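2 protein chains.
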Amino acid sequence: MPSRKSLQAEPCPVARSVDSIGDRWSLLIIRDAFDGVRRFSDFQRSLGMARNILSDRLRKLVEAGILELQTASDGTSYQEYVLTRKGQSLFPVVVALRQWGEKHLFAKDEPHSVLVDKRSGRPVPVMSPQASDGGVLSATEAEVRKVD
Amino acid sequence: MPSRKSLQAEPCPVARSVDSIGDRWSLLIIRDAFDGVRRFSDFQRSLGMARNILSDRLRKLVEAGILELQTASDGTSYQEYVLTRKGQSLFPVVVALRQWGEKHLFAKDEPHSVLVDKRSGRPVPVMSPQASDGGVLSATEAEVRKVD
Numbered sequence: 008m009p010s011r012k013s014l015q016a017e018p019c020p021v022a023r024s025v026d027s028i029g030d031r032w033s034l035l036i037i038r039d040a041f042d043g044v045r046r047f048s049d050f051q052r053s054l055g056m057a058r059n060i061l062s063d064r065l066r067k068l069v070e071a072g073i074l075e076l077q078t079a080s081d082g083t084s085y086q087e088y089v090l091t092r093k094g095q096s097l098f099p100v101v102v103a104l105r106q107w108g109e110k111h112l113f114a115k116d117e118p119h120s121v122l123v124d125k126r127s128g129r130p131v132p133v134m135s136p137q138a139s140d141g142g143v144l145s146a147t148e149a150e151v152r153k154v155d
Numbered sequence: 008m009p010s011r012k013s014l015q016a017e018p019c020p021v022a023r024s025v026d027s028i029g030d031r032w033s034l035l036i037i038r039d040a041f042d043g044v045r046r047f048s049d050f051q052r053s054l055g056m057a058r059n060i061l062s063d064r065l066r067k068l069v070e071a072g073i074l075e076l077q078t079a080s081d082g083t084s085y086q087e088y089v090l091t092r093k094g095q096s097l098f099p100v101v102v103a104l105r106q107w108g109e110k111h112l113f114a115k116d117e118p119h120s121v122l123v124d125k126r127s128g129r130p131v132p133v134m135s136p137q138a139s140d141g142g143v144l145s146a147t148e149a150e151v152r153k154v155d
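Keeping their order, the protein sequence lines are chains X and U.
Count the first sequence with our numbering and you get residues 8 to 155, in order.
Count the second sequence with our numbering and you get residues 8 to 155, in order.
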């Protein structure tokens, strides 16, 4: 394992986000949480990961304020992991990962799951950063202004 | 290290994307590539990571078609790593990570770098998935339709 210098003091917001959620398991747990998975055993079944690693990642996501523990919604004594507001606001990150995958990681006629708007049943349109004129902002039209 | 089952056969596009780029170093290399970093030594200086890990991640990003090797733009014999079209289209992923970080990982008056539209000089607006009525689509208004 590489030495894991914390990026939480970096002035770059991408670095801080990556430090919080930028690993395979955390991202997949967050995806599952958006899909309604709440219990340890259900995360484990969905992700097929070792219990100790799942336990570690869930703890870190709770510490980061992305998930919170709640008593089970069905009145049993289970504990459930639920996205906080901060966690819910990762939705654009998950959608961006999904849309890039849809475009680039599937063969033309290969089926994949689809994110739909519940009200209309229609697929969610491709999301893009917006330029000042309201059009799509490409990477080459943007630049990062560093902190002095 | 957890056993690393490939997710490239998963019907979930998020899983395939996470499998390709869902690790701390790959995401930071991609961020740097968007900021114009091109050479091995410059990635190393920016990220402070071990040479062997940087070398491994760059190779994987090239294999995944996200970066490509080019001869140096200044006529020297350096090799440069440049985002392909597939790599460029990760822009919304990086912007989503940035915007989540800006909102949640900085104190109110703590300075951070800012992504601006070059033409207007103005910060790039917050990006959100769009609902069918043109408004912001929240996570609870969306659902994943699985493949049969």
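Beta carbons: idealized from backbone N, C-alpha and C, even for Gly.
Note that the structure is a prediction, hence the values are computed from the model and not measured.
Collapsed DSSP secondary structure at residue i in the structure displayed
i	result
D26(U)	helix
V70(U)	Before going on, a small fix: residue 70(U) reads as Glu here, not Val. The answer is helix: DSSP assigns E70(U) an H, G or I state.
Q86(X)	strand
S135(U)	coil
E75(U)	strand
L65(X)	helix
L54(X)	helix
D140(U)	coil
D49(X)	helix
E150(X)	strand
Distance CB(residue i)-CB(residue j) smaller than 7 Å
i	j	result
Y88(X)	R45(X)	yes
L122(U)	A114(X)	no
F41(X)	V101(X)	yes
L104(U)	S24(X)	yes
P136(X)	S120(U)	no
C-beta neighbour in chain U for residue i, strict 7 Å
i	result
P9(X)	Annotation note: pLDDT 43 at P9(X) (below 50); position unreliable, no value reported.
G108(X)	yes
D49(X)	no
L74(X)	no
L61(X)	no
Per-residue contacts from residue i into chain U (C-beta, under 8 Å)
i	result
L34(X)	V21, V25 and G29
Under 9 Å by beta carbon: chain U residues contacting residue i
i	result
Q95(X)	S145, A146 and T147
R105(X)	C19, P20, V21, S24 and V151
Interface flag, residue i vs chain X, CB-CB below 7 Å
i	result
V102(U)	yes
R45(U)	no
P136(U)	yes
V123(U)	yes
R52(U)	no
R58(U)	no
Beta-carbon neighbours of residue i, restricted to chain X and to distances below 8 Å
i	result
R129(U)	S139
Where the alpha helix (DSSP H) through residue i begins and ends
i	result
A40(U)	R31 to F41
L104(X)	F98 to H111
Contacts of residue i in chain X (Cβ-Cβ under 7 Å)
i	result
K153(U)	S120
Closer than 7 Å at the beta carbon, the chain U residues around residue i
i	result
K115(X)	Here the premise fails: no neighbours, minimum Cβ distance about 14 Å.
First through last residue of the beta strand (DSSP E) which encompasses residue i
i	result
D124(X)	V121 to D124
Under 9 Å by beta carbon: chain X residues contacting residue i
i	result
R126(U)	A138, S139, D140 and E148
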